[in-house]
Amino acid sequence: MTKRLFVKGNEAVAMGALEAGCRYYFGYPITPQSDIPEYISREMPALGGEFIQAESEIASINMLLGASACGARAMTSSSSPGISLKQEGISYMAGSECPGLIVNISRSGPGLGGIDASQADYFQATKGGGHGGYHIIVLAPASVQEMYDLTMHAFDLSDRYRVPAMILADAVIGQMKEALDPHPYKAPADLPPKDWALTGSGTREVNKVVKSLYLGVGELEQHNLKLHRKYAQMQEQEVRCEGYELEDAQLVVTAYGSTARIAHTAVRIARREGYKVGLLRPITLFPFPKQAYRDHTANGQKVLCVELNTGQMVDDVRLAVPQAEVDFYGRAPGAGSLPTPEEIFAQIRLHCEVH
Amino acid sequence: MTKRLFVKGNEAVAMGALEAGCRYYFGYPITPQSDIPEYISREMPALGGEFIQAESEIASINMLLGASACGARAMTSSSSPGISLKQEGISYMAGSECPGLIVNISRSGPGLGGIDASQADYFQATKGGGHGGYHIIVLAPASVQEMYDLTMHAFDLSDRYRVPAMILADAVIGQMKEALDPHPYKAPADLPPKDWALTGSGTREVNKVVKSLYLGVGELEQHNLKLHRKYAQMQEQEVRCEGYELEDAQLVVTAYGSTARIAHTAVRIARREGYKVGLLRPITLFPFPKQAYRDHTANGQKVLCVELNTGQMVDDVRLAVPQAEVDFYGRAPGAGSLPTPEEIFAQIRLHCEVH
Amino acid sequence: MNHDVFMAGFGGQGVLLIGNLLAYATILEGNNASYFPAYGVEKRGGAANCTVVMSDGAVGSPVVGEPEAALLMNPAAMEQFYPRVRKGGMALLNSSLIEDDGSSRSDLTLVRIPANEMALEIGDSRLVNMVMLGGYVEYSRVVARDALKEALKEVLPERNHRFLPMNHNALEAGAAFVREALA
Amino acid sequence: MNHDVFMAGFGGQGVLLIGNLLAYATILEGNNASYFPAYGVEKRGGAANCTVVMSDGAVGSPVVGEPEAALLMNPAAMEQFYPRVRKGGMALLNSSLIEDDGSSRSDLTLVRIPANEMALEIGDSRLVNMVMLGGYVEYSRVVARDALKEALKEVLPERNHRFLPMNHNALEAGAAFVREALA
Amino acid sequence: MANRIVIDEELCKGCGLCAVACPHDLIEMSIKLNKHGFLPAVISADAMLRCTGCTFCAQVCPDVAIEVYREKKA
Amino acid sequence: MANRIVIDEELCKGCGLCAVACPHDLIEMSIKLNKHGFLPAVISADAMLRCTGCTFCAQVCPDVAIEVYREKKA
Amino acid sequence: MKTEEMKQVFARPQALNPVQTHFCPGCQHGVIHRLVAQAMDAFDIQGQTIGVASVGCSVFLYGYFGIDVIEAPHGRAPAVATGAKRVHPRRPVFTYQGDGDLAAIGTSEILHTANRGEPITVIFVNNTTYGMTGGQMAPTTLPSQKTSTSPYGRDESKDGYPIKMTEILAGLEGTAYAARVAVDTPQRVIQAGKAIKKAFQTQVEDNRFAFVEVLSTCPTNWGMNPLEANARVAEEMIPYFPLGVFKDVSA
Amino acid sequence: MKTEEMKQVFARPQALNPVQTHFCPGCQHGVIHRLVAQAMDAFDIQGQTIGVASVGCSVFLYGYFGIDVIEAPHGRAPAVATGAKRVHPRRPVFTYQGDGDLAAIGTSEILHTANRGEPITVIFVNNTTYGMTGGQMAPTTLPSQKTSTSPYGRDESKDGYPIKMTEILAGLEGTAYAARVAVDTPQRVIQAGKAIKKAFQTQVEDNRFAFVEVLSTCPTNWGMNPLEANARVAEEMIPYFPLGVFKDVSA
Ligand SMILES: Cc1ncc(C[n+]2csc(CCOP(=O)(O)OP(=O)(O)O)c2C)c(N)n1
Ligand SMILES: Cc1ncc(C[n+]2csc(CCOP(=O)(O)OP(=O)(O)O)c2C)c(N)n1
Ligand code: SF4
Ligand code: SF4
Ligand code: SF4
Ligand code: SF4
Ligand code: SF4
Ligand code: SF4
Ligand SMILES: [Mg+2]
Ligand SMILES: [Mg+2]
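This is the structure we're talking about:
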């Protein structure tokens, strides 16, 4: 067994990325994610890769596009305002089917807001904050270990589908330290070769083009339908979530990332007090684990969705299970608005008693 | 009666804005909206206002922020990729409660995509494409006249709530020409004074600050809750939609903007053929006319949502009426994918027969 | 009153201008009309087409899948759009450039008009579009030719008003041709 | 085993370091722990606090509303966080700086430890944090002091290993003080 | 001198830049539309005799529609 | 000469820049923490007598903690 | 005499596909494309080169050059090229950008890419307007020039001054070669060809950043015929945008 | 002698609120704030001035100056200021920006604002690092300087060269005044005060664009005490970033 390390969530992302063979990092400083570029700037030279501190978030995402188009595993990371600036670039990457990893260690907004944790970028991440109706893969780690594991997984998914992937975490998961088992990366045997990637046309007959412009009648529609078929396929094959104490639960608490961690303790408290409550934690936010909600509300269970925002994922829950009673408990993000386990437990009690 | 003019949708936006007293325009060229800056660059000098062709979309939105913070009616316009670039700025405007008009004459994507009409920016517009979980007012004109009228209305709403407003149209509504009754602007008598606007502190004791940074414990949460109270108030007071042949309709077709125009003809055809079908057209996309859907599906009516995308507004419809049967017909945007009335009529027939 | 017409041709043939004129004239007569152009990324040359929808009520869709009438000004337009004309509708073909005799369809009113030759005869090859428009209006009666002439006056810059008579002649010639063809 | 502790003080008092140490030591012993710091925009000075949650199972929330134990190192921390300690829990107050005698609550175990004086006595005023940590571990028994020492060796850069004995002394002194206080 | 230019009339867009560039004024614009609707550049057999093969016409042609040949030196 | 500087000990963050800037080395750092936890700059009464009122200390003070006074010219 | 028996002294370059472009008649994007292709031929690098297309009338690069191409978002070609170059440090990478693209929205990217000394070649086509979107005012639009968004002529006091990118970039330490050329006369075309070749050489042989600004026409949006447009280059553009090599560290 | 009876020769400026700043000990943002306040006092414009804060350690402008303030997104202060100035053409408007803000993410905005000759004043604080976010490499970071993202020292060959904004902006026609100053000695502070005053004068009296770069310290992120940090300005920064007035059209 390799030694368990004790590292920050942000560092785990960086370690996972390097372990997964990412050799190109492009980023711009912003709290609370700067540990990622800092870690990578230290480690990358020895690995022979490239670390560029770009002049802006926009330059970063476009460097990523360029590196990705050339077939490299590459990444960028930022936090909410910086991610907003990348929306055009993300849309281009989605449109030109460039894989690549975008990390959002989300902070509170809108605007400059604050540097505390927030889950208010859920819509932006999952619905396509950029123009054009694309989607990207969105993974929501809830532990330092998952920061590492899901970063690797994100590269695999992204390469497999040629769809950009995002790690969506926040200041809690990014700044906390926990044990990490840094197991080695194994590439899935069935990853398709990147035969579309640019290398200089060499002696090939046909030059390779990475682009998102489609002007001929019907071309762009077909292209969009192709993208949407990939999304549907991911919905079939790539959904991940985790359950805790769900077997006999009458109330299903649901939350992702940092709030899932907090809710986990709240459920533990509630179980101790005899409440029949469990936790359903989506790990993939896009594709969204709709079926799991259907399964766990099939017998009239109620759902309580907890978010560190004013209500975003709850829409996807409601769309997944329109027949179920779905309630919401949220805190608008900002300094001091992280809910405590006790607070969520109080909500659980309320929902178990009232309903 | 003033003379009916025959103008482009884009020009009507420009005319409406100038008529509503907008004297500051900041923008960057992009098809299919460049008629707006072109019109304004011709007319503004005589009105003593300022037209700036900025170096980028990002500069434009930030000039808008600056002008708005100083109390001016001001605007920017662009199309999808350019609107993506403005997301950080829009989030800042939302966070610092700066009113102002953003026009999106949307085109097909993702990425560079094409210049044909698209409704695939619905999520971006209504859910907050930028970070931080804010909302902006989103109005969806469906005629040249509405391009004029709703532009004026957008300024009023934006000033009233100190929430940025967007006109969300597309290449169809922007490029088509129709009759326009250019009635004069009347400011609502009860518009609140802009006493928050910066003027140079003068002899005031306290300086005025327009900002979105809130670091104290609880401050940002309170600020966010305040913003959400405004959204709730708009939901109460500012919802607009239009019905057509809804009285005895058993199938409610719903669509906004360009597709609503097309659906209108489809419904006319269907009525001619004896189908009991009507059209519900949201005019405000945020706030969304939830109640209208509830009212018109109260007796088991079915809904068919038509969009020039792969399904966005339909989510809001489903969230509004979870008990109703809501179907979707969409075309992925691109050259040649604008649906025809005949095509939508075929869908209507299908839904009336099958269900 | 509900009418719609589709027009297509080369970039330089003035298709967009007559679409504009028709819609504007309709409005001048107190009815409603929409004009919707197809526009491309290319600035010069290429294809041009537009749709005009006219109604005494509200204009619904500014685009139509199967137009009631079509003005087709060159072979490319013919090939692409002729099949889409509504059953029972009407097609006006510029026979100066379109060799296809339209016989593939018998379910519509077909008029083949040698618009280029007629235009040249009137005095300017650029009047092809006016000839075609005159013909369409004669067929559809959707607007009075006087409304078209008024619209033309408003649309043309003052300095070009000396060309008005020639344009009127083209409208009339087109109308006369169609009148005769349908007689 | 499920424990959680909250620590707060001045920026310079080494609160974050002992939080790290405690969590790391827990992990070295094969259990799980999370360390969650509060971090501000200011680089120097200001307040610092962190939460450590320890468990032999999965660590749930890295934040706690009502910590089981609190290490409060200055008056500001006392004022803000003393009321939040869980009923039946424990508070370790640095009595060198905190005048408040903690008598406002009788529902928890309270130890007042003159950590600054003790640290100076051991030889370095900066050892306050180690004194406090030693005390907490003695109370909670959540990790062995040896694990702490091992963790410390890993955390301190090689060149500072000469300070290890002093740190050990501080841990032991804190532990002894609490042992006595609770005896 | 036996030099020669070859104008690809279907590539030519009739801009006339070559005609202006030719130091000997050898190129004219056709009065017959090509299949793209342009009036292409042409050179008469007569004019060709005076061509120096200087390549100026080809240098300025935006559509790379002109090739230039010179007599091989013996 | 009777010139005078006034150091606001609560604004001072003890950076020491003033001490370095004073051409006559008149300013020292206190050994007593102020309420923000800094060791502020101080000037002894003795040193004050040698102050030229040149304002150098104040010029470089990042915290604008120093005021300088000169004797009014008669 | 048959051409086969003659010596071809001017031929379509290898790297330029034998297809008709979508450019308007007389648009000098065509000449500049040819010169770029010729430079690739000169170093026999067509098979290795990666082109980065920008958004503007030259967006269809991939249709005209027989090379691999990435289409960059508007203004971001230098950043995209940076990503590509870092992955393929031994492949020649170039961007081809208009003045709207490079000197307006892409200001930051070009400046920092040059400043990093990124070993790429940048071809900058300055036609004093936004060609593709219909002739709006560009950062390079000349004083008093009328465009669709400066209908009364560019007013320097409010719209700013035509920006001289070559001069700015020549001032950066990362830039190894910076030149401004025109293609309005055969002689200048030949000069321009040399500069473009040199800009590729700077990358291929010296592994450094090179920049060539080419003054170009947009007859369509200038409202001129190709000959008038071409004449304007010498009459109005060159006086404001002086030609020359502004930096050449190898010189 | 009581101070009341004396002549005060150095006082806190009127426009500077009597509060403690959040700046680290020895951070020269404090000195620069004071000089800006003094310039406002000099023209008696505190009551009219609109300040535009940037994102960086100086974001809390509104807490320190007794003036109206807009907080701009990172790098966009010049664009925000442009919007404000067009609305209030007779109000003095200034931005206060760090080197990360102005010379990295905000490159395009500052360049085009200067180029437009926007009549605002820009105070640019160059401390060769991103102070607020914890000392990452900035575009102005010196060769070989170690930062949290250049742990082995800035490598010009990959990271680029420290960028000289004053020189670049001085080259633009829109710029009326451009100077670089330092505040590491009393004499230079006085010089810097004059430059900042002149930069306000350029706006207030000549209605033109003015720019002052101030070399400043970041002891915290440089890992130095305030005195070492201050010494580094003369030892390392000034040799690379020469002081002086690079442009003054009124001169
Ligand atoms: C983000 C974004 N903004 C604007 C546009 C619209 N647009 C397309 S091309 C272009 C500019 C073209 O001008 P230039 O770069 O000078 O190239 P030219 O066509 O003149 O060769 C613009 C603004 C876009 N596609 N994306
Ligand atoms: C879009 C965006 N990107 C990044 C950040 C994070 N950020 C905050 S301040 C700052 C830079 C500060 O450096 P500088 O401008 O040099 O100012 P200093 O703190 O050194 O005075 C950065 C990158 C942000 N707030 N917004
Ligand atoms: S090669 Fe020279 S001489 Fe011959 S046609 Fe061309 S320009 Fe004229
Ligand atoms: S320059 Fe080329 S395109 Fe223009 S006329 Fe001559 S051959 Fe034709
Ligand atoms: S005013 Fe001059 S002499 Fe007096 S203390 Fe300050 S620096 Fe020294
Ligand atoms: S310069 Fe100012 S802050 Fe620094 S020690 Fe002197 S008085 Fe204190
Ligand atoms: S619009 Fe202008 S730049 Fe574009 S192809 Fe035509 S002439 Fe060339
Ligand atoms: S971090 Fe640096 S720039 Fe920021 S306040 Fe501290 S010393 Fe000043
Ligand atoms: Mg251009
Ligand atoms: Mg800085």
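The listed protein sequences derive, respectively, from chains X, R, C, E, F, L, G and W.
Per the working numbering, the very first residue in the first sequence carries number 55; after that it's consecutive.
Per the working numbering, the very first residue in the second sequence carries number 55; after that it's consecutive.
Per the working numbering, the very first residue in the third sequence carries number 83; after that it's consecutive.
Per the working numbering, the very first residue in the fourth sequence carries number 83; after that it's consecutive.
Per the working numbering, the very first residue in the fifth sequence carries number 804; after that it's consecutive.
Per the working numbering, the very first residue in the sixth sequence carries number 804; after that it's consecutive.
Per the working numbering, the very first residue in the seventh sequence carries number 1125; after that it's consecutive.
Per the working numbering, the very first residue in the eighth sequence carries number 1125; after that it's consecutive.
Here a beta-carbon is modelled for each residue, glycine too, at the ideal position from N, C-alpha and C.
It should be emphasised that the depicted structure is a prediction, and the values quoted were computed from it without experimental measurement.
Practice task
Could you list the residues in the region 71-92 of chain R with a C-beta less than 9 angstroms from some C-beta on chain X, going in chain order?
Solution key: none
Review point. Roughly how many whole angstroms lie between the Cα atoms of H827/F and L192/C?
Key: Counting from one through the fifth sequence, the residue named residue 827/F turns up at place 24. Counting from one through the third sequence, the residue named residue 192/C turns up at place 110. Cα-Cα distance, rounded: 54 angstroms.
Closer than 8 angstroms is the cut-off here; do at least three beta carbon pairs connect the region 106-121 of chain R with the region 140-153 of chain R? yes
>> Is there a Cβ of chain R sitting closer than 8 angstroms to that of D213/X, yes or no?
In response: As a working note, residue 213/X is residue 159 in the first sequence. No, because no Cβ of chain R sits closer than 8 angstroms to the Cβ of D213/X.
### Query
How would you write the range of the beta strand (DSSP E) that Q1132/G sits in, first residue to last?
Reading the seventh sequence from its first residue, position 8 is the one you call residue 1132/G. Note, Q1132/G: beta strand (DSSP E), K1131 to F1134.
Entirely within the region 174-205 of chain R and at least 3 residues each: give me those beta strand (DSSP E) ranges in chain order. 191-193
Is S137/E buried or exposed, if buried means 16 or more other CB atoms sit within 10 Å of its CB? Here residue 137/E refers to the residue found at position 55 of the fourth sequence. By the 10 Å Cβ count, S137/E comes out buried.
Item to complete: Give a single yes or no on whether N1354/W has its beta carbon closer than 7 angstroms to a heavy atom of ligand 8.
Response: Reading the eighth sequence from its first residue, position 230 is the one you call residue 1354/W. Flag unset: Cβ of N1354/W not near ligand 8.
Discussion item. Let me see if you follow: with CB-CB separation under 8 angstroms, is E396/R close to chain C or not?
Written reply: Along the second sequence, one-based indexing puts residue 396/R at 342. Yes, its Cβ sits closer than 8 angstroms to a Cβ of chain C.
query: At a Cβ threshold of 8 angstroms, is I109/E touching chain X?
result: Your numbering for residue 109/E matches position 27 in the fourth sequence. It does; some Cβ of chain X falls within 8 angstroms.
Check: Closest Cβ-Cβ distance between S266/R and chain W: below 8 angstroms?
Finding: Position 212 of the second sequence, counted from the start, is the residue given in the question as residue 266/R. So, interface residue.
- Message: What I want to know is whether the C-beta of G840/L ends up closer than 7 angstroms to one or more non-hydrogen atoms of ligand 6.
- Response: For the purposes of this step, residue 840/L is taken as residue 37 along the sixth sequence, with counting starting at 1. Not under cutoff, so the answer is no.
Q. When burial is assigned at 16 or more other CB atoms within 10 Å of the CB, is A233/R buried or exposed?
A. To locate residue 233/R, count along the second sequence from 1; it is residue 179. Classification for A233/R: buried.
* To do: Please list, following the chain, all residues that have a C-beta closer than 6 angstroms to any non-hydrogen atom of ligand 8.
  => K125/E, F1147/W, C1148/W, C1151/W, H1153/W, C1181/W, N1251/W, G1255/W, M1256/W, C1342/W, P1343/W, T1344/W and N1345/W
Distance, F1248/G Cα to L1226/G Cα: If you number the seventh sequence from 1, residue 1226/G lands on position 102. If you number the seventh sequence from 1, residue 1248/G lands on position 124. For L1226/G and F1248/G, the distance between alpha carbons rounds to 7 angstroms.
- Message: Only counting the same chain, and skipping five residues up and downstream in sequence, which positions put a Cβ closer than 8 angstroms to that of M832/L?
- Response: Residue numbering aside, residue 832/L sits at position 29 when the sixth sequence is read from its first letter. Cβ neighbours of M832/L beyond the five flanking positions: G817, G819, A822, L842, P843, A844 and V845.
Original post:
Relative to the C-alpha of V167/E, which residue among R261/E, R187/E, M212/E and D182/E is closest?
Top reply: On the fourth sequence, position 85 is the one that residue 167/E refers to. When each option's Cα is compared against that of V167/E, the closest is R187/E.
Review point. Out of N156/C, F118/C, N102/C and L104/C, which has the shortest C-alpha to C-alpha gap to G91/C?
Key: For this step, residue 91/C is matched to residue 9 along the third sequence. G91/C has its Cα closest to that of N156/C, out of N156/C, F118/C, N102/C and L104/C.
Open item on the list: To the nearest angstrom, how far is the alpha carbon of I100/C from that of V809/F?
Closed with: On the third sequence, position 18 is the one that residue 100/C refers to. On the fifth sequence, position 6 is the one that residue 809/F refers to. Their backbone Cα atoms lie some 41 angstroms apart in a straight line.
Notebook entry, point to check: Are P174/X and G187/R touching if we call contact CB-CB under 8 angstroms?
Noted result: On the first sequence, residue 174/X is found 120 positions in, with the first residue counted as 1. On the second sequence, residue 187/R is found 133 positions in, with the first residue counted as 1. One detail in the question is off: residue 174/X reads as Ala in this sequence, not Pro. The answer is yes: Cβ separation under 8 angstroms.
inquiry  = Tell me whether A1177/W, by its Cβ, gets closer than 7 angstroms to a heavy atom of ligand 6.
reply    = Position 53 of the eighth sequence, counted from the start, is the residue given in the question as residue 1177/W. Not so, every heavy atom of ligand 6 lies at least 7 angstroms from the Cβ.
task = Mind listing the chain G neighbours of E109/X? Cutoff is C-beta to C-beta under 7 angstroms, in chain order.
result = In the first sequence, counting from the first residue as 1, residue 109/X sits at position 55. Those within 7 angstroms of E109/X in chain G are S1232 and H1236.
Please tell me whether I1174/W and L119/R are closer than 8 angstroms, where the distance is taken between their beta carbons. Translated into the one-based positions of the eighth sequence, residue 1174/W becomes position 50. Translated into the one-based positions of the second sequence, residue 119/R becomes position 65. Not a contact, by the Cβ cut-off of 8 angstroms.
For the beta strand (DSSP E) that F60/X lies in, which residues bound it at each end?
-> Residue numbering aside, residue 60/X sits at position 6 when the first sequence is read from its first letter. Start and end: L59 to K62.
Beta-carbon proximity list for R873/L, same chain, < 6 angstroms, skipping 5 on both sides = For the purposes of this step, residue 873/L is identified with residue 70 of the sixth sequence, where counting begins at 1. Closer than 6 angstroms at the Cβ level, and outside the excluded window around R873/L, lie N806 and G856.
- request: At 8 angstroms on the CB atoms, spell out the chain E contacts of A233/X, in chain order.
  value: Walking along the first sequence from the start, residue 233/X turns up at place 179. Those within 8 angstroms of A233/X in chain E are I109, N114 and A115.
Q220/R, DSSP secondary structure in three states: As a working note, residue 220/R is residue 166 in the second sequence. Reading off the sequence, residue 220/R comes out as Met, not Gln. Strand, per DSSP.
Could you pull out every residue in the same chain whose Cβ sits closer than 6 angstroms to the Cβ of G170/E, ignoring the five residues on either side in sequence? As a first step, residue 170/E is located in the fourth sequence; it is residue number 88 there, counting from the start. Here the set comprises nothing.
- Message: Quick test of the definition: if touching needs 3 or more C-beta pairs under 8 angstroms, does the region 1133-1145 of chain G touch the region 1177-1196 of chain W?
- Response: no
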